[in-house]
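In my numbering, the protein residues as written are 102 to 446.
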């Protein structure tokens, strides 16, 4: 199918959705007493992510072409990178609910794209975008929201633990083919001053993740996707928070060239004000969501009710799609000087 086609549904195959979302950053199939462990699955240097592992990660597409990633932060809102949309503002849709391009169980057209007013296309400062959908995304086993961080929760970003990045981008630098399957890789946060010594164009609106020796990183096609971490304190069933947005890098997985991410915690006010202006407001979750669903005395349930009330679903059911057209992935990386954005042209 060409541009404008929707998913192909198997109307006879339906499954029950989870009873109710316990809050953002929670994976129905992975977290909780009977969930699968996070594991050490490690894009470049990554592995295929099992279904439901990252239910907030979406593919941003135009004309059946994946060019960037994004994350569900609210039923009506997708968080992504501004540089993905400097030359693409029409006929954009997001695909959620499947780890394989072309087999999504939910697609939504983007009604409006908000780029940060201070976004600098030369330096990638303020590289953040907020996408308003035509219809909300319902909660299910395979699509749910990611938490946004608050400095009061983790005052020092180096305290974040178990950080992952996921996407459908290039698996080897210099190639032209992205991944058909969602890949993830575990990365470590890099001290800001150390990263600044390697990448002098770094600003305080950016953070770095990767390894000094290289080998694991996001790459072209991963732009706009989330850098996801656990807060400190241990525990295998904590909520996940979006600490960064895949933005740029000098290269992919090279030594002393970690990936650079937009620092999400710097943009709470802009995100909330933008959403309120469009009459689909949300608030950045507070400390109550640090608890697991089993421990939560109400914070998670309150957030769940916000999520539930934000859309009118079909009796809590979702439908599994038949395999749709396999998305074509291609293009070449766009290099501006020595800065290389991580979207596919």
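Glycine residues also receive a C-beta, built at the ideal position from the N, C-alpha and C atoms.
The structure presented is a predicted model; accordingly, all values stated were derived computationally and were not measured.
Tell me, please, which residues DSSP counts as bridged to residue 248. 342
Flag this pair as yes or no: are the beta carbons of residue 248 and residue 334 separated by less than 7 Å? no
As assigned by DSSP and simplified to three states, the class of residue 390: Confidence at residue 390 is low in this model, with a pLDDT of 38, below 50, so the placement of that residue is unreliable and no value is reported for it.
Reference residue 168, options 383, 330, 280, closest by Cα: 280
So what's residue 370 in DSSP terms, helix, strand or just coil? helix
Output needed for residue 177: all residues of its chain with C-beta closer than 7 Å, excluding positions within five of it in sequence on either side, in chain order. 233, 234, 237, 381, 411
Does the stretch 237–246 come within contact of the stretch 254–265, defined as at least 3 CB pairs closer than 8 Å? no
How about residue 197 and residue 346: are their beta carbons less than 7 Å apart? no
Exposed or buried, residue 307, counting other C-beta atoms within 10 Å across all chains shown (16 or more means buried)? buried
For the alpha helix (DSSP H) containing residue 210, list its first residue and its last residue. Premise fails: residue 210 lies in the beta strand (DSSP E), 207–216, not in any alpha helix (DSSP H).
Give me, in chain order, the residues of the same chain whose beta-carbon lies closer than 6 Å to that of residue 87; leave out the 5 immediate sequence neighbours on both sides. Not covered by the structure: residue 87. The range shown for the chain is 102 to 446.
Hey, could you find the ends of the alpha helix (DSSP H) residue 296 is sitting in? 293–299
What is the residue span of the beta strand (DSSP E) that residue 363 lies within? 360–364
Give the straight-line distance between the Cα atoms of residue 298 and residue 207, rounded to the nearest whole angstrom. 43 Å
Once the 5 residues before and after residue 186 are set aside, which same chain residues still bring their CB inside 7 Å of it? 214, 216, 230
Is the beta carbon of residue 361 closer than 7 Å to that of residue 251? no
Contact check, residue 192 vs residue 150 under 8 Å by CB: the rounded distance? That belief does not hold up - the Cβ atoms of residue 192 and residue 150 are roughly 28 Å apart, past 8 Å.
For residue 349 and residue 241, what's the separation of their Cα atoms in angstroms? 31 Å
Can you name the start and end residues of the beta strand (DSSP E) that residue 254 belongs to? First-last for residue 254: undefined, no H or E at that position.
Quick check on DSSP: helix, strand or coil for residue 265? strand
Go through its chain and collect everything with a Cβ distance to residue 383's Cβ below 6 Å, but skip five positions before and after it. 175, 376
Alpha carbon to alpha carbon, what distance is there between residue 188 and residue 222? 11 Å
Hey, is residue 372 close to the ligand FMN, as in C-beta under 6 Å from one of its heavy atoms? Only the bare structure without any ligand can be found here, which leaves the ligand FMN out of the picture.
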